Amino acid sequence: MSSWAPTKDKTTNWSAYNEALCQRGSLTIWFDPDMMWKLPPSGKRGRQPSFSDEAIQTCLTMKGEGRSENSPVDCFQP
1 MSSWAPTKDK TTNWSAYNEA LCQRGSLTIW FDPDMMWKLP PSGKRGRQPS
51 FSDEAIQTCL TMKGEGRSEN SPVDCFQP
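Just so you know, we're using full-length UniProt numbering here: the sequence shown kicks off at 1 and counts up by one.
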């Protein structure tokens, strides 16, 4: 029976290793400057939409409630 042994990697470039650890928790987000956040008036009767569908989807995705086409929707949501 073989036993599991953790591997020991020797780090030689400590400055790059420390920088990688600092960047591990980075949540940098880039927004497209051409994306429309506020919609112009449509000219139709009734309440005008305030934000574009892309802006709403972006906010829901950042919040964690947005679903992409490839994600399963049968996960448990309380």
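A virtual CB, placed ideally from N, CA and C, is assigned to each residue, including glycine.
All of these numbers come straight from a predicted model, not from anything done at the bench.
- From the listed residues M35, T12, F31, C22, the smallest Cα separation to F51 is found for M35.
- Per the DSSP secondary-structure output, K38 pairs in a beta bridge with F51.
- The C-beta distance from W30 to A55 rounds to 15 angstroms, too long to fall under 8 angstroms, and the pair is not in contact.
- For D9, there are no CB contacts under 7 angstroms within the same chain when 5 residues up- and downstream are skipped.
- One Cα belongs to A20, the other to C59, and the distance between them is close to 28 angstroms.
- Pairing Y17 with T11, the inter-Cα distance amounts to about 8 angstroms.
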